[in-house]
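Listed below in structure tokens is the structure:
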């Protein structure tokens, strides 16, 4: 329906008949991990979208994993917030999807970059010697026919040059005689070349190709082959002869990594002449030295004494040093017998640190220098960054080079840093995660190859996040000073006044779900309540107004309910000082729109402690600086908020702030809580944000610290002293007090900030059992039972009202 000037024009569009589905069967879910992509326009929408997908798939267990993955990747728009869940089967993918919907961290969830992120050009990194490991590529070989075929093709040529078949060494049983050969240079370099080439072919098969190639030592030889400089037979000859000759170089060499800049290291090498040289510059403070073992050991000792980290590398010879000079002539002769071509993909030179020229890459002399000269990896990374590279994919057995890239560049200049394989992690999962990370940043992945044979299926619609666009009338018109009041300076209050003829104070405000939308996330028994920590926050603000040092006692008399529509007026009153300096405090409310004689409801009453402002942190002990708490046992919080929802605690995102939990040997609980991004920025305006302190009490509820237990609500606070204000995260200790019992437990609270510095202390928090009926009754209607006029949205079109001229609207 579209409005055209003053007339409504209606167009009814009927869905046409759908084409008959093709008889092709859906793809079966084979082995190997795959990604499911999820996208939305905001974090809340992303979580809701994941939850909606999880709920639908839980009801449709027969839908193929591949069909779902293809449909998510190809039939959904890409929005500002993206994520991918990774799994080797339906159960793993569903578990990861559930974690995403709950906002829980998970290694099976890959996050996208968010909105406004620029994706630049892509570089593939080829790892060098030292990263090899027995069995690298074995798992991928068993699940990926493309990887297996590419590896077999390389091994077929290499096996003609090596003394043992390469796969017999690469996939040898651990502890066998063949397994030891993987660390011999001749097999190490051949194995790295084979695995990296197969990874490239697999990545290329899925549509992801590089703008540049940057290898490290033997990795640059792999890069030259992948760029077309050498065909596969010639590349295998060069790799095998390179490894054989480098292994045949003179003994007595060593290599070491030094945590220092290149210039600093070279200054310490000067006295040693050709005995030791710089073999690689991997980062701004990561330099590799190579040469005679005694000289290398002396330089290591020198830098260790200066406080730098040093590490002897597990190599048999001094590569990229004068030790290599005696093999260069023979290697040059091997290279002269090969056929070189111009590169189809630009290759960065280790020797110069910039793009290699076609003349250099086709020169046997260049490849001889490549063995002898230092590897200028850092220069190559920075050169590529200057040419617009932001995406880095490492093809190798571990995340070695991606870690070096992070050291070489500022964080804002790096986008994806994705290793294709990682030591100690399932290879198919890591490869799928790398592919997903690139896809989430806009890489053109061929999803038909990731999900071969899959077909598109229906998916749940978008989880729209409904927003109210109608403006609410402001609670007051103009500045509080215009009414003879002072601004309260607090998010829950609007104004304050000190009475003229006596030492009393009144603070006023208005609360509603629209003016304070985060409060809607605190629902108990289906009713939105201002949390008990919110009433305590009001009392603490009143204490500050009256110059009191804290809250001696605050008892909750009735729940403060926020209706779906409208709001409530607040009054916090503080009496004149009593003989000991303490003051009474009371919190009342009444609904909007009432008459002057509308009764006020008392929600909390208590007493403020005599004193001068907030408590002094010097008397708060040591806080909670030892963290995690010594001797405590951490509890798994997976699904905690789902369990709470099942027992009538329906917490929204703003209140799901419990991050970690421990139980102590004496029954005490230790909680780590932190506000989410939506509330973190406003934390400094509160004494202690109610949503933050409320989350610290969640371990006391059933299904969190203990599997069973009774549902509780706070009943009273005693001895509340504040030492610091405005934290966005807390460490909290809850200690059971002896005066509590099974029907009314009591806890003492020690509250610290994220560093362990004291924030507040509570001598006693008394709980009472939750009565769902009582809570629902508190929000069941107006105080006087009178009917009110309320807007009701019409749910559908009805018949014309009798007597109206229906034709006037036709």
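Numbering (our numbering), first residue to last: 18 to 827.
We put the CB at the ideal spot given by N, CA and C, even for glycine.
Would you call the CB atoms of residue i and residue j closer than 7 Å?
i, j, result
"residue 763", "residue 777", "no"
"residue 203", "residue 260", "yes"
"residue 141", "residue 216", "no"
"residue 751", "residue 678", "no"
"residue 394", "residue 233", "yes"
"residue 368", "residue 397", "no"
"residue 550", "residue 710", "yes"
"residue 556", "residue 599", "no"
"residue 402", "residue 434", "no"
"residue 341", "residue 273", "no"
"residue 8", "residue 480", "Residue 8 falls outside the range modelled here, since the chain spans only 18 to 827, and no answer is possible."
Smallest Cα separation from residue i: which of the options?
i, options, result
"residue 650", "723, 531, 463", "723"
"residue 416", "407, 193, 441", "441"
"residue 139", "772, 459, 656", "459"
"residue 338", "291, 362, 315, 439", "291"
"residue 324", "431, 385, 276", "276"
"residue 82", "62, 52, 60", "52"
"residue 569", "546, 580, 623", "623"
"residue 439", "739, 794, 156, 781", "156"
"residue 121", "161, 238, 655", "655"
"residue 405", "200, 432, 205, 382", "432"
"residue 700", "311, 689, 507", "507"
"residue 246", "688, 574, 356, 103", "356"
Counting along the chain, where does the beta strand (DSSP E) carrying residue i start and finish?
i, result
"residue 230", "229-232"
"residue 309", "303-309"
"residue 54", "51-57"
"residue 514", "510-515"
"residue 103", "98-104"
"residue 786", "775-786"
"residue 507", "503-507"
"residue 753", "746-753"
"residue 143", "138-143"
"residue 667", "666-668"
"residue 569", "567-573"
Using DSSP with H/G/I as helix, E/B as strand and the rest coil, what is residue i?
i, result
"residue 409", "strand"
"residue 45", "The predicted model places residue 45 with a pLDDT of 49, which falls under 50 and marks its position as unreliable, so this point remains unresolved."
"residue 823", "With a pLDDT of 30 at residue 823, under the threshold of 50, the modelled position of that residue is not reliable, and the figure given next carries that caveat. In the structure shown, residue 823 sits in a helix (DSSP, three-state: H, G or I)."
"residue 679", "strand"
"residue 479", "coil"
"residue 14", "With the chain represented from 18 up to 827, any question about residue 14 goes unanswered, as that position is not in the structure."
"residue 198", "helix"
"residue 723", "coil"
"residue 242", "helix"
"residue 740", "coil"
"residue 344", "helix"
"residue 730", "strand"
"residue 592", "coil"
"residue 770", "strand"
"residue 75", "helix"
"residue 294", "strand"
"residue 82", "helix"
In the DSSP assignment, find the unbroken alpha helix (DSSP H) run with residue i in it and report its ends.
i, result
"residue 249", "249-265"
"residue 384", "381-389"
"residue 221", "202-222"
"residue 795", "789-795"
"residue 403", "394-403"
"residue 662", "657-663"
"residue 625", "From DSSP, residue 625 is part of no alpha helix (DSSP H) but of the beta strand (DSSP E) over 618-626."
"residue 447", "444-457"
Does the beta carbon of residue i sit closer than 7 Å to a beta carbon anywhere in chain C?
i, result
"residue 616", "This model lacks chain C altogether; it includes just one protein chain."
Could you tell me which residues DSSP puts in a beta bridge with residue i?
i, result
"residue 586", "527, 607"
"residue 561", "BP columns for residue 561 are empty, so no partner."
"residue 436", "411"
"residue 532", "Answer by DSSP bridge pairing: none, since residue 532 is not bridged."
"residue 686", "680, 751"
"residue 271", "308"
"residue 765", "752"
"residue 539", "668"
"residue 758", "761"
"residue 651", "679"
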